[in-house]
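Protein chains in written order, with the numbering used here: chain F, 215 to 510; chain V, 13 to 320; chain U, 915 to 1188. Please read the structure below before turning to the comments.
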Amino acid sequence: MAGTVLEVKVLSRRDRLKKILDIATPVILAIAVFIAISAVAALLITVVYQGAGRLSLNLILEYPSANPAEAGMRSAFLGSFWTVGLSALVSMPLGIATGLYLSEWSSWRRFRRFVEFNIANLAGVPSIIFGLVGLSLLTYGLGWGRSIIAGAFTLGIMTLPLVTVSAAEAVKTVPEALKHGAYALGATKLQVTRYIILPRSLPMMMTGAILAISRAIGEAAPILIISGLLFIRRDPVSIFDRFTVMPLQIFNWVSRPQVAFQELASAAIIVLLMLLLALNASAIAIRYRFQKRLVL
Amino acid sequence: MSSNIFFDPVFLKNLRRRQIKTTLVNILLLAASSISFISIVVIVGSLVLESSIFFGQVSITEFITGTEWTVLFTPKKFGVQPLLVATAITSLIALAVAMPVGLAVAIYLSEYASNRARKPIKSVIEVLAGIPTVVYGYFALYFISPNLLMPLIEGIGVHSALAVGLTIGVLIIPIVASLSEDAMYSVPEDFRQAAYSLGARKLDVVFRVVLPAALSGIFASIILAFTRAMGETMIAAIAGGFRVYYSWDPREAMQTMTAFIAQVATGDAPHGTIEYQSIFAVGLLLFLVTMAFNIVALYIVKRWQVRY
Amino acid sequence: MLTKRLAVQPEILRPSDGGAVIEVKNLAVKYGNKYAIKDINLKFERSQITAIIGPSGCGKSTFLRCLNRMNDLIPEAKVEGKVFYRGIDIYSDSVDPVAVRTVVGMVFQRPNPFPMSIFNNVSFGLKVNGVKFTKQEMYEKVKDALIKAALWDEVKDRLDAPAYSLSGGQQQRLCIARALAVDPDVILLDEPTVSLDPISTAKIEQLLRQICNEYTIIIVTHNMQQAARVSDYTAVMMPDEQMIGRLIEFGPTKEIFTNPRDKRTEDYISGRIG
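Spelled out as structure tokens, the structure:
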């Protein structure tokens, strides 16, 4: 009898500890979540605090200058526009085609797995490596120079996995009933793709494209390799022009010791973040608007 | 009543035309899908080709085992270890930050958070993932270093591996969090219910049932976060300084592999010189290491992911 | 696969009145390594409605899908045996499944109209078959199909309305109209009324009996009363001990229901099994 009482006593101590842990755990976890959220908050607050004063339209209209009071990032803004825009022309057709092939057209499982494996690996390659390859292959190998087109193709291949995965997912969400209904009427695969699959999956594919563009706009490392750090005071005229992009201009200004450039950098960051916010909002808006239309 | 359509010439001609179009498109899509494979080949090929110029002049042994890297100075030494160590240290520090926080966030979102709280928290984490790395670099240099590190730690300067590591850690939190949460989310509810019905507390259910079941996914997420940290350039370039320094002391300023590549590429080294070619050698090393880890992660997911 | 011109006189292959429209010989379907159905031998005559009954899961739908090569779309499925449409082996290398599906139409279990207008749904088959019709011809064909499907009066004023604005029963009749529009020879229906209310069910059964002279209709159903009401012939399928679906009886509907030869059929009809 005494043994049992002892056992009960020991058990209840361990049990009590467990009880405490059981209550403490969500609190500890919530603290961790709080840390993560405060990191974001600290980042955003620092940036806004430093840069809000320096925000002005001139930031986009003026060229960079040694005098921080007059400097703007016009050349970087246009450079980003052209480079990222062209990169979408590379990544979107390739990505959508690959996504379609993986989800509907391919009949060889092995090849499908192989492509998926390659896409997964491509997604894991550090962005600076893309810059190196672009430099070697496009800039010098093909002789495109350290130009917008070289940067565009580099970014295009870099964002290919993103577009591909979202396109493949988009095609998968088309209900089988719809596709089979079309096949049963004597439609070829191309016709089913054109009349049933694509109209249905296009919104999701657009979202994927916007995500890819968001990613590409923020990338500095590959462009740093391809283009270098430049002081550009003119608008781009051809795709073979030298160029710079917004993240690089920010990098440039961050590297300067003067406080005035620090403020400039924060202001530029605010512009970049607002641009990204607008892009993501439009992606959400597209998804929402087309979700409502679908009933089946 | 339709006559036998298999002999109707109009229909057959049409069908032939439709199928030719389909076949053509099939070839087109196949070609597009091959680009993924071709890209990998091209990446490996150019890195190897360009590095071969470097390794024509420098032995691989010296590269791997040497502890001095003075490529941009004279006398030139080509031991990559200082860069490797710098990359390793910053990435490990990053993991030390991202693993607990990311996992905690994942567990919280997957097992504890109310449905109402889940969406906003997830969105905030997504925001972390979407912020460009230059902004993180700015954050490291102008907030983390002066406000957090320098007041608290003796002997630390504005540039340090610690600043880089901590900031990269914040950057990769979403990778750990979101992939781990997916892994835990896909653990069937039946497992949890069974555990509860045996008298387990939530603590036990989460840490003894769900977490072990999701382990392969969590492990993979950690590896992927690690390789992401290794490949990070801008934060290292902004907050790590441009001094090549062999040290395991995180308070020191040291240049990582990626920061070195960035420095040379933006410098004046002409195409073809040993300085220029060295970035491809370092790049090849980085590529091989990250790809090896990534393949391991993919393999883990495939092999050990229990199909429910 | 591109269709080649068959070098046989059409008259020889086109059967005289009374020949089988579809003949199934030793049909079997495997999913991976496991057989789903096996040893199916059956003939379907012109202008007859044949019902295929049996408990759920015995492979009725799998069998139906063999008749218009829809199993081709399922990568794990392998079809063995032969299916002859008017004497032509539809699984031969020289036959394009797209051609088969143009003569053998299908209506599915749940209505699956396309996210388009009512008119465009019905005309879809005509559009993809590539034969050029004028707007007037197209309209006439759509109207014809909708009349046959007993839907015309309800939608004639709103042909441009989205198909989703129709009720479930109307949507299914729309799918029937869609299948009729391409002028098929055979119509396959896979439990077409299982998700519908009794009134819609009755409407569809009625329209099937009205159009059965022009087509050969094969309807899968697990509702025996429906089979008794609608069909001229009935085929009974049952799973054997290894859960492989087999054809255990086939004959005129009246005989199957009043005087079945196989004990299992009798058990199934009287509700003792299934």
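Backbone N, C-alpha and C define an ideal beta-carbon position, used for all residues, glycine too.
Contact list for residue i against chain U, beta-carbon separation under 8 Å
| i | result |
| --- | --- |
| V22(V) | V1045 |
| N26(V) | N1043, G1044 and V1045 |
Distance CB(residue i)-CB(residue j) smaller than 8 Å
| i | j | result |
| --- | --- | --- |
| L41(V) | W319(F) | yes |
| V935(U) | T1130(U) | yes |
| V1134(U) | E1163(U) | no |
| V1144(U) | I963(U) | yes |
| I133(V) | V218(V) | no |
| G229(V) | S192(V) | yes |
| F504(F) | P417(F) | yes |
| R1087(U) | A1064(U) | yes |
| V993(U) | G400(F) | no |
| G286(F) | L273(F) | yes |
| T458(F) | L369(F) | no |
| T79(V) | K88(V) | no |
| S415(F) | T387(F) | yes |
| D953(U) | R1186(U) | no |
| D216(V) | A206(V) | no |
Where residue i meets chain F, residues with beta-carbon distance less than 9 Å
| i | result |
| --- | --- |
| R1092(U) | G395 and L399 |
Residue i, DSSP secondary structure in three states
| i | result |
| --- | --- |
| P1076(U) | strand |
| F85(V) | coil |
| I249(F) | helix |
| Y124(V) | helix |
| D1104(U) | strand |
| M1151(U) | strand |
| I247(V) | helix |
| I1004(U) | coil |
| E390(F) | helix |
| M1052(U) | helix |
| V146(V) | helix |
| F465(F) | helix |
| F295(F) | helix |
| Y401(F) | As written in the sequence, residue 401(F) is Ala, which differs from the Tyr given in the question. Of the three classes helix, strand and coil, the one that applies to A401(F) here is coil, per DSSP. |
| L916(U) | For L916(U), the predicted model reports a pLDDT of 23, less than 50, meaning its position is unreliable; a value from the coordinates is still stated below. In the structure shown, L916(U) sits in coil (DSSP, three-state: anything other than H, G, I, E or B). |
| T407(F) | helix |
Extent of the continuous beta strand (DSSP E) to which residue i belongs
| i | result |
| --- | --- |
| Y999(U) | A991 to Y999 |
| N940(U) | A934 to Y945 |
| L956(U) | K948 to E959 |
| M1030(U) | Per DSSP, M1030(U) belongs to no beta strand (DSSP E) and is neither H nor E. |
| V1018(U) | V1018 to V1021 |
Chain V contact residues for residue i, given Cβ-Cβ distances below 9 Å
| i | result |
| --- | --- |
| K232(F) | R213, L215 and D216 |
Under 7 Å from the C-beta of residue i: neighbouring residues of chain V
| i | result |
| --- | --- |
| Y502(F) | Result: empty, since nearest Cβ-Cβ is about 14 Å, beyond 7 Å. |
| I1002(U) | F18 |
| L319(F) | One point to set straight first is that residue 319(F) is Trp, not Leu, in the sequence displayed. Per Cβ cutoff of 7 Å: N38 and L41. |
Extent of the continuous alpha helix (DSSP H) to which residue i belongs
| i | result |
| --- | --- |
| G432(F) | L412 to G432 |
| G114(V) | Q93 to I119 |
| G338(F) | R323 to G338 |
| V256(V) | Here V256(V) belongs to no alpha helix (DSSP H), and DSSP marks it neither H nor E. |
| G295(V) | I286 to W316 |
| R29(V) | P21 to Q69 |
| A1093(U) | G1082 to A1095 |
| G1165(U) | Note, G1165(U): premise wrong, no alpha helix (DSSP H); beta strand (DSSP E) at G1159 to P1166. |
| I1183(U) | K1177 to I1183 |
Chain V contact residues for residue i, given Cβ-Cβ distances below 8 Å
| i | result |
| --- | --- |
| G267(F) | Residues of chain V passing the Cβ test: none, with the nearest at roughly 15 Å. |
| V379(F) | Here the premise fails: no neighbours, minimum Cβ distance about 11 Å. |
Closer than 9 Å at the beta carbon, the chain U residues around residue i
| i | result |
| --- | --- |
| I446(F) | By Cβ distance, chain U contributes nothing, its closest Cβ being about 49 Å from I446(F), past 9 Å. |
Contact list for residue i against chain F, beta-carbon separation under 8 Å
| i | result |
| --- | --- |
| G295(V) | I342, I343 and L346 |
| G1019(U) | A398 and L399 |
| M984(U) | H394, Y397 and A398 |
| I234(V) | Chain F residues near I234(V): none, gap ~14 Å exceeds 8 Å. |
Minimum Cβ-Cβ distance from residue i to chain A less than 8 Å
| i | result |
| --- | --- |
| T1016(U) | Looking for chain A here will not work: the only protein chains present are F, V and U. |
Contact set between residue i and chain U, taken where Cβ atoms lie within less than 7 Å
| i | result |
| --- | --- |
| I410(F) | F1028 |
Quick check: the region 189-206 of chain V against the region 92-101 of chain V, are there 3 or more CB pairs under 8 Å? no
Say whether the region 371-389 of chain F touches the region 430-439 of chain F, bearing in mind that this needs 3 or more beta-carbon pairs closer than 8 Å, one atom from each stretch. yes
Inter-stretch contact at 8 Å, needing at least 3 Cβ pairs: the region 457-477 of chain F / the region 150-169 of chain V: yes
For the region 52-71 of chain V against the region 323-343 of chain F, are there 3 or more C-beta pairs whose distance is under 8 Å? yes
For the region 298-311 of chain F against the region 418-428 of chain F, are there 3 or more C-beta pairs whose distance is under 8 Å? yes
Taking contact to mean 3 or more Cβ pairs, one atom from each stretch, closer than 8 Å, check whether the region 983-1003 of chain U and the region 1070-1084 of chain U are in contact. no
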